[in-house]
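Working notes, beginning with the structure itself.
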Amino acid sequence: MKKQNNKLGWSFTSPYVIFTIIFFLIPLVWAIWLSVTDWNMMSPDINFVGLDNFTKAIASPAVKASFWVTYKFLIVFVPLAIIMSMVVAVLVNGLPKFKGLYLVAFFLPYLSSGVVTSLIVKGLLSYNSPLNIFLRDNFGLNIDWLGTPMTSLFVISLMIAWKMSGYYALILISGLSSINEEIYEAAAMDGSGRFRTFWKITIPMMYPALFTVIVLAVGVSFGIFTEVYQLTGGGPNFATNTWQMEIYNQAFVNLKSGYASAISLVAAVVTFASIGVIKKGLEKWGERNGWS
Numbered sequence: 001m002k003k004q005n006n007k008l009g010w011s012f013t014s015p016y017v018i019f020t021i022i023f024f025l026i027p028l029v030w031a032i033w034l035s036v037t038d039w040n041m042m043s044p045d046i047n048f049v050g051l052d053n054f055t056k057a058i059a060s061p062a063v064k065a066s067f068w069v070t071y072k073f074l075i076v077f078v079p080l081a082i083i084m085s086m087v088v089a090v091l092v093n094g095l096p097k098f099k100g101l102y103l104v105a106f107f108l109p110y111l112s113s114g115v116v117t118s119l120i121v122k123g124l125l126s127y128n129s130p131l132n133i134f135l136r137d138n139f140g141l142n143i144d145w146l147g148t149p150m151t152s153l154f155v156i157s158l159m160i161a162w163k164m165s166g167y168y169a170l171i172l173i174s175g176l177s178s179i180n181e182e183i184y185e186a187a188a189m190d191g192s193g194r195f196r197t198f199w200k201i202t203i204p205m206m207y208p209a210l211f212t213v214i215v216l217a218v219g220v221s222f223g224i225f226t227e228v229y230q231l232t233g234g235g236p237n238f239a240t241n242t243w244q245m246e247i248y249n250q251a252f253v254n255l256k257s258g259y260a261s262a263i264s265l266v267a268a269v270v271t272f273a274s275i276g277v278i279k280k281g282l283e284k285w286g287e288r289n290g291w292s
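Residue 234 in UniProt numbering sits at position 234 of the sequence shown, and the numbers go up by one each step.
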């Protein structure tokens, strides 16, 4: 009976195991091997260079700059995503009916292609777009949304936050729904205002949902590529050149695949370390609010 259960268990888990081996383990081993060579994936000559690619990547000003740009996206994108998704969750949760319909409407942008979304935003912010014509004609403002460092970084962060807000709102709404109404009634009897109730009761009691959303948003900020590639190409003046863009440029523009693999592995280590530090901070915040 035990052997039959083992076979049944392996039969259910085998698709995931096969998927992990093909799409995670094999590419990881390939990337590690590639990172210690100077192969450009075109030449028949493959030279073993050891850790030279890693030392160059760590010392490279361009790689360091791309890392800082990635953290800038994290600082801008994560708060925007949390605020927007929280607003959506609170508004939808307060509706008397048709909550599911509105959630589906907010969730649809998440299902859309990043390329399509980027092209739409690029058209909306072009020089002769209705928005820019309106700003020029009525306020004398001529804003180059994607041509200046600050605005381009903010626009991309805002666009991704808008796209992800519906998905994150689904998670937050589950946290809101789990809060007992009697707690709010008790707070109202004690004279607690809406803002204080939200900040002191709602936010701490939504800790599991907020923890999940924040970690997911941090992960997204470390993987921004499509929107940057489509809208700015890493510009202006490398202001939006994330490490994903740097890896792409080194691998497919400069044809330094080994060097690009080394950068990607360094980026992976930094990403996991950063997420680990943020998770530890969130866990301590949760412990202070009674979550253990």
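We put the CB at the ideal spot given by N, CA and C, even for glycine. Predicted, not measured: the structure shown is a model, and the values here were computed from it.
Using three-state DSSP, classify residue i as helix, strand or coil.
| i | result |
| --- | --- |
| residue 238 | coil |
| residue 37 | strand |
| residue 48 | strand |
| residue 30 | helix |
| residue 197 | helix |
| residue 137 | helix |
| residue 100 | helix |
| residue 291 | coil |
| residue 222 | coil |
| residue 256 | coil |
| residue 323 | Examination of residue 323 is not possible in this model, given that the chain is present from 1 through 292 alone. |
| residue 95 | coil |
| residue 43 | coil |
| residue 192 | coil |
| residue 276 | helix |
| residue 233 | coil |
| residue 86 | helix |
| residue 112 | coil |
| residue 206 | coil |
| residue 14 | helix |
| residue 60 | coil |
So which of the options has the shortest CA-CA distance to residue i?
| i | options | result |
| --- | --- | --- |
| residue 93 | 216, 169, 234, 139 | 169 |
| residue 270 | 45, 26, 63 | 63 |
| residue 247 | 75, 286, 191, 31 | 31 |
| residue 106 | 115, 85, 135 | 85 |
| residue 66 | 114, 153, 133, 173 | 153 |
| residue 203 | 148, 289, 135 | 289 |
| residue 126 | 28, 73, 172, 146 | 146 |
| residue 90 | 16, 171, 135 | 171 |
| residue 205 | 20, 29, 181, 189 | 181 |
| residue 224 | 192, 267, 42 | 267 |
| residue 115 | 233, 16, 83 | 233 |
| residue 265 | 27, 235, 22 | 27 |
Cβ atoms of residue j and residue i: under 8 Å apart, would you say?
| i | j | result |
| --- | --- | --- |
| residue 35 | residue 258 | yes |
| residue 40 | residue 256 | yes |
| residue 37 | residue 48 | yes |
| residue 260 | residue 244 | no |
| residue 131 | residue 124 | yes |
| residue 184 | residue 291 | no |
| residue 8 | residue 121 | no |
| residue 262 | residue 59 | no |
| residue 227 | residue 159 | yes |
| residue 73 | residue 157 | yes |
| residue 187 | residue 201 | yes |
| residue 215 | residue 133 | no |
| residue 117 | residue 236 | no |
Would the beta-carbon of residue i be found less than 7 Å away from any heavy atom of the ligand HEM?
| i | result |
| --- | --- |
| residue 39 | Because no ligand of any kind appears in the structure shown, any question about the ligand HEM cannot be addressed here. |
How do the stretch 51 to 63 and the stretch 190 to 197 stand: do at least 3 beta-carbon pairs fall below 8 Å, yes or no?
no
Three or more C-beta pairs under 8 Å: does that hold for the stretch 156 to 164 against the stretch 217 to 227?
yes
If you scan the stretch 118 to 185 from start to end, which runs of the alpha helix (DSSP H) of 4 or more residues do you find wholly inside it?
130 to 139, 149 to 177
Counting beta carbon pairs with one atom in the stretch 269 to 281 and one in the stretch 200 to 217, are three or more of them shorter than 8 Å?
yes
Are there three or more Cβ pairs, one per stretch, closer than 8 Å when the stretch 97 to 113 is compared with the stretch 227 to 242?
no
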